[in-house]
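Working notes for the structure below.
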Amino acid sequence: MKIIVIIPTYNEKENVGRLLENIAGKIFKEISNHQMGILIVDGASPDGTAGIVKAKSAIYPNINLIEEKEKRGIGSAYIAGMKCAIEKLGADVVIEFDGDWQHDPNDIKRLVAEFDNGYDYVIGSRYVPGGSIPTEWALWRKFLSRFGGLTAKIVLGLPVNDATSGLKLSRVKNFAERLPLDENKVLSKYYAYKIQFLYEMLKMGAKTKEIPIQFLERQGGSSKSTLKDIFDSLRVVLILRFVKK
Numbered sequence: 015m016k017i018i019v020i021i022p023t024y025n026e027k028e029n030v031g032r033l034l035e036n037i038a039g040k041i042f043k044e045i046s047n048h049q050m051g052i053l054i055v056d057g058a059s060p061d062g063t064a065g066i067v068k069a070k071s072a073i074y075p076n077i078n079l080i081e082e083k084e085k086r087g088i089g090s091a092y093i094a095g096m097k098c099a100i101e102k103l104g105a106d107v108v109i110e111f112d113g114d115w116q117h118d119p120n121d122i123k124r125l126v127a128e129f130d131n132g133y134d135y136v137i138g139s140r141y142v143p144g145g146s147i148p149t150e151w152a153l154w155r156k157f158l159s160r161f162g163g164l165t166a167k168i169v170l171g172l173p174v175n176d177a178t179s180g181l182k183l184s185r186v187k188n189f190a191e192r193l194p195l196d197e198n199k200v201l202s203k204y205y206a207y208k209i210q211f212l213y214e215m216l217k218m219g220a221k222t223k224e225i226p227i228q229f230l231e232r233q234g235g236s237s238k239s240t241l242k243d244i245f246d247s248l249r250v251v252l253i254l255r256f257v258k259k
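Adding 14 to a residue's 1-based position in the sequence shown gives its number in my numbering.
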């Protein structure tokens, strides 16, 4: 199977080189039963992130790059990445992965192992036993992290504990290929797209499993989450519940 790890970036010059070395140079070598690749979707980073990715792709041919003309939001970046991975790279599986070291690259192996066990949709969950968020986070960040997912779980009746996790594996055939991979159909260009995609995958009957992850403090840069993400998540949840039943 061909598995593509999609990583959106914006001003990740401090992180992206080491991250690509770790994933392509180490983690992928420990997954011998699949053809692994990376797709970076860079939102026109002014700090030279794309140049570092190009340099690494000369060393690792399985690193691909989309250079967007402008920063459009993480949801838009993942839509572009998924469309490219499916239509141009021939992916059988896509993995959503952050570019700031908040996700542990070793968890890629754990996601793939559960796919090999027959699951269509594997979620790296912060809110199941064994999962965690950084203890050093301020209270408002902990609330921000928890609110959207908890609201989605209650209002939509979702059978998962972490509806806004950014670390997910999705089988393409019959599932990810049927997601609303069009900016006119996705309900949010930002973090709340995760709730819609989760809702759609579960509605399609994807065999789903949550695995615990330790969500790490980002290395370099600053958090891109804001208070507006709470209201955006609530908006998406209400549309899914009352408009798009």
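For each residue, glycine too, the CB sits at the ideal point set by N, CA and C.
Backbone secondary structure at residue i - three-state DSSP
i, result
"Met50", "strand"
"Asn78", "strand"
"Lys199", "coil"
"Thr165", "helix"
"Gln116", "coil"
"Lys217", "helix"
"Ile227", "coil"
"Lys258", "coil"
"Asp61", "coil"
"Lys16", "strand"
"Val55", "strand"
Proximity of residue i and residue j at Cβ, strictly below 8 Å
i, j, result
"Ala105", "Ile21", "no"
"Asp246", "Tyr204", "yes"
"Ser202", "Ile137", "no"
"Pro119", "Asn36", "yes"
"Ile80", "Ala94", "yes"
"Tyr74", "Gly39", "yes"
Closer than 7 Å: residue i CB and nearest the ligand FAD heavy atom
i, result
"Glu214", "The ligand FAD is absent from the structure shown, which contains no ligand whatsoever."
Bridge partners - residue i, DSSP secondary structure assignment
i, result
"Leu183", "Ile109, Val136"
Residue i classed as buried or exposed, judged by whether at least 16 other C-beta atoms fall within 10 angstroms
i, result
"Val250", "buried"
"Gly162", "buried"
"Leu125", "buried"
Residue nearest to residue i in terms of C-alpha spacing, selected from the options
i, options, result
"Gly62", "Arg255, Val142, Asn29, Leu172", "Asn29"
"Arg155", "Lys221, Tyr74, Ile244, Val174", "Ile244"
"Ile45", "Lys83, Ile73, Met15", "Met15"
"Pro223", "Ser59, Trp151, Lys27, Leu172", "One detail in the question is off: residue 223 reads as Lys in this sequence, not Pro. Of Ser59, Trp151, Lys27, Leu172, the residue nearest in Cα terms is Leu172."
"Met215", "Gln116, Asn188, Leu230", "Asn188"
"Lys208", "Lys83, Asp176, Ile73", "Asp176"
"Gly270", "Lys123, Ala206, Leu164, Leu103", "Lying outside 15 to 259, the shown extent of the chain, residue 270 is not represented and no answer is given."
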